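Here's the structure, in structure tokens; my notes come after.
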Amino acid sequence: MPQTSYPIVWDLETFFQGGSDSEELRQHLDDVKDRLKTYSAKLNQFETPTSSSEADHIASLIEEGSNVSQHIRQAGAFITCLEAQDMTDHKASTLRSEVMELNATYGAAFNRFKQKLAQTEVSVWQELLKHEQLAELSFVLNEWREAAQEQLSEDEESLITALSVDGYHAWGQMYNTIVGEMTVNVTIDGEEKELSVGQANNLLSHEDPNVRKQVYEKLEAAWKEKESLFANTLNHLAGFRLNVYDKRGWDNVLKEPLDINRMQQETLDAMWGAITKHKQPFVDFLYRKASLLGKEKLDWYDLGAPTQENTQTLSYDEGAQFILKHFKQFSPKLADFAEHAFENGWIEAEDRSGKRPGGFCTGFPLSEESRIFMTYSGSMSNVATLAHELGHAFHTHALKPVHPLNRRYAMNVAETASTFAEMIVADASVKEAESDQDKIALLEDKLQRSVAFFMNIHSRFLFETRFYAERKNGFVPAERLNELTDQAQREAYQDAVQSTSPSYWSNKLHFHITGVPFYNFPYTFGYLFSLSIYARALEEGVSYEDKYMALLQDTARMSVEDLAMKHLGEDITKEAFWEKGIELCKRDVEEYLDLTSK
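Okay, so the sequence shown: first residue is 2 according to our numbering, each after it adds one.
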């Protein structure tokens with residue numbers, strides 16, 4: 002593959018020119034408001050179908066609604082990119098509020114439509130689903146019908162949606178505003194620096210233990226100072242949800258996240274059950290890591306610390322070439338897609354100040370393109386992250402042939418293609434390591450992910466389920482939230498850590514996100530689910546590509562249990578399925594322990 006030079010800053014001008022001052026974006030948003038007003042009026046006139054002759058009209062309303070939704074999401078994706086590339090872009094934050102209001106208005110109108118559909122008599126409904134345009138959407142339509150039948154009346158649900166803008170989502174925005182203004186002062190190499198909490202978090206993987214300890218203590222103090230504010234945001238978010246659940250007659254707080262992820266409680270229980278039974282190898286890994294760092298047990302600020310320096314670094318272009326080379330061995334279509342993304346400026350990778358931390362991939366539905374955000378500094382971990390986000394973009398690309406309503410896959414399967422792509426690159430990195438030292442560093446990086454999914458995310462799940470149980474009885478103060486966090490972390494890590502992060506409930510954005518409740522277990526699901534797919538790909542090589550594409554195209558039109566049975570022939574409500582993925586990770590532990598024993 003010839004060496005080339007790829008743009009390291011993304012191209013957003015192809016969507017709307019002028020950033021947050023864009024006149025094109027302003028016109029787009031105004032047009033969406035007009036479209037939404039016209040569409041809402043049509044939905045207000047819609048009545049519950051009484052015969053299958055109304056199928057054409059229903060199909061037309063669904064298509065129009067899908068189009069309006071895509072226009073809103075196009076603007077939302079653009080604004081997400083603006084906010085990420087420049088955290089001081091306050092105009093983008095104002096535009097975000099505008100898009101949230103559009104989403105709420107659309108959601109309320111479309112929810113009324115779905116509730117009218119839900120009232121259709123069974124015999125009429127079955128006839129409607131035989132209509133050519135509606136038949137291909139039967140899974141989604143039945144999902145709507147079942148969800149609407151479990152909700153309150155049309156007017157009550159519309160009121161909840163309207164009130165959620167300032168009574169629910171606003172708490173999430175308040176959290177983001179407070180965190181965005183927080184800073185900590187740390188001393189590195191004799192120089193005092195004022196850092197955002199995101200920048201400070203990145204230093205928890207610093208090679209100097211004194212820096213890590215200092216940053217950890219400064220961060221804990223900063224979160225402690227504002228814990229009463231964050232206790233309010235978290236309690237009010239949860240309180241809003243619990244009140245809505247109570248009015249709908251839902252007792253299980255996991256009902257909504259399970260429904261959103263199209264999975265059964267039995268599947269979730271089997272996954273955590275298998276993980277809990279097989280944590281010992283990862284506990285062994287943590288103890289070995291502590292030993293290499295000269296400790297009996299790791300402190301919380303050591304979890305991301307390197308024990309070996311990985312001397313291997315790749316420039317952005319070299320990293321891209323490494324990804325393309327190894328993607329091609331599994332899927333030429335994936336490699337061709339990734340090359341197109343590199344060449345056409347789909348990736349924001351420049352290492353500069355002012356960007357938000359972390360990485361993500363967002364889709365632009367009208368343009369049928371994606372944009373990837375990260376900060377690339379040359380490590381092999383960066384290469385793996387880049388591959389991960391390209392996997393997300395490829396998932397969106399694979400769904401292009403299917404109807405837009407059949408592309409709305411849930412979070413748990415959203416991590417499938419991304420983790421698959423990341424595993425390709427992470428495995429290749431270990432195999433091509435130039436020394437044992439590099440191999441240990443790369444294995445450690447892989448195992449950090451396993452520990453994150455099996456222990457860190459497990460602690461988040463334990464904390465959140467226990468917090469909600471207590472929140473049902475009233476406000477949970479900050480002191481108790483700290484206790485719950487400490488208990489969950491010690492249990493999830495099986496006491497392999499000496500100190501915990503009691504403030505984790507306040508500093509983890511995922512607890513304060515309003516879009517998806519229980520923003521934790523789907524990550525672990527996606528990680529282990531993709532490992533099974535990766536194992537198949539290893540066995541079959543390039544010939545697995547078409548089967549892989551077929552699986553991705555089904556991710557939004559069936560339950561995860563049916564998806565696994567159809568494409569893998571596996572029953573994921575049983576622990577045996579999950580143990581296969583865990584076994585692959587245990588092999589990494591064995592190799593790591595063997596190499597470090599020398």
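Backbone N, C-alpha and C define an ideal beta-carbon position, used for all residues, glycine too. If you're wondering where the values come from, they're calculated on a predicted model, not measured in any experiment.
Under the three-pair Cβ rule at 8 Å, the segment 422 to 434 counts as touching the segment 309 to 325. With contacts defined by Cβ atoms closer than 8 Å, A350 and T376 form a contacting pair.
With 16 or more neighbouring CB atoms inside 10 Å of its own CB, E158 falls in the buried class. E195: not part of any alpha helix (DSSP H); member of the beta strand (DSSP E) spanning 192 to 197, first to last residue. With a threshold of 16 other beta carbon atoms within 10 Å, K447 meets it and is buried. Nearest to P358 by C-alpha distance, out of S197, I73, S6, L594, is S197. In this structure, the CA atom of R263 is about 44 Å from the CA atom of E195. Per DSSP, N112 is one residue of the alpha helix (DSSP H) stretching across 91 to 119. Here I276 carries a helix assignment [DSSP, helix/strand/coil].
In the DSSP assignment, V187 falls within the beta strand (DSSP E) that extends over 184 to 189. Nearest to T525 by alpha-carbon distance, out of L485, V414, M559, A42, is V414.
Ranked by how close their Cα comes to the Cα of V33, the residues N68, K248, S165 have N68 in first place.
Out of A60, G77, D87, A78, the CA that lies nearest to the CA of L118 is found in A60. Note that the C-beta distance between Y317 and I9 is below 8 Å. Rounded to whole angstroms, P518 and K599 show a C-alpha spacing of 45 Å. In chain order, A105, G108, A109 place their CB closer than 6 Å to the CB of T162, counting only its own chain and leaving out the 5 sequence neighbours on each side. In this structure, DSSP gives R558 a state outside helix and strand, which the three-state scheme calls coil. For T363, the enclosing beta strand (DSSP E) covers residues 361 to 365. Apart from the 5 residues on each side of it in sequence, E84 sits with its Cβ closer than 8 Å to the Cβ of D90, A93, S94, R97, R357 in its chain, given in chain order. A check of alpha carbon separations from S229 across N508, R353, Q313 identifies N508 as the nearest.
Across the structure, I179 and M101 are spaced so that their CA atoms are roughly 19 Å apart.
In this structure Y410 is not in contact with T501, their Cβ atoms being roughly 34 Å apart against a cut-off of 8 Å.
Taking 8 Å as the cut-off, the Cβ atoms of S451 and C586 count as close. Take the alpha-carbon of Y169 and the one of K473: they are about 17 Å apart.
Residue pairing by DSSP puts E349 in a beta bridge opposite F374. Below 8 Å, enough C-beta pairs join the segment 397 to 408 and the segment 557 to 573 to call them touching: three or more. Rounded to whole angstroms, S23 and L13 show a C-alpha spacing of 11 Å. Of the other Cβ atoms in all chains shown, 16 or more fall within 10 Å of the Cβ of R113; this residue is therefore buried. In the three-state reduction of the DSSP assignment, L299 falls in the strand class, which pools E and B. Secondary-structure assignment with DSSP links V498 through a beta bridge to L299.
Boundaries of the alpha helix (DSSP H) around L164: 155 to 168.
A Cβ-Cβ distance of about 7 Å is found for the pair R36 and H72, placing them in contact under the 8 Å criterion. In this structure, I425 sits near F331, with a CB-CB distance shorter than 8 Å. Around Q215, the same chain offers V187, T188 as residues with beta carbons nearer than 8 Å, after the five sequence neighbours per side are excluded. A straight line joining the alpha-carbon of E584 with that of D572 spans about 17 Å.
Under the Cβ criterion (8 Å, minimum of three pairs), the segment 234 to 251 does not count as touching the segment 388 to 402.
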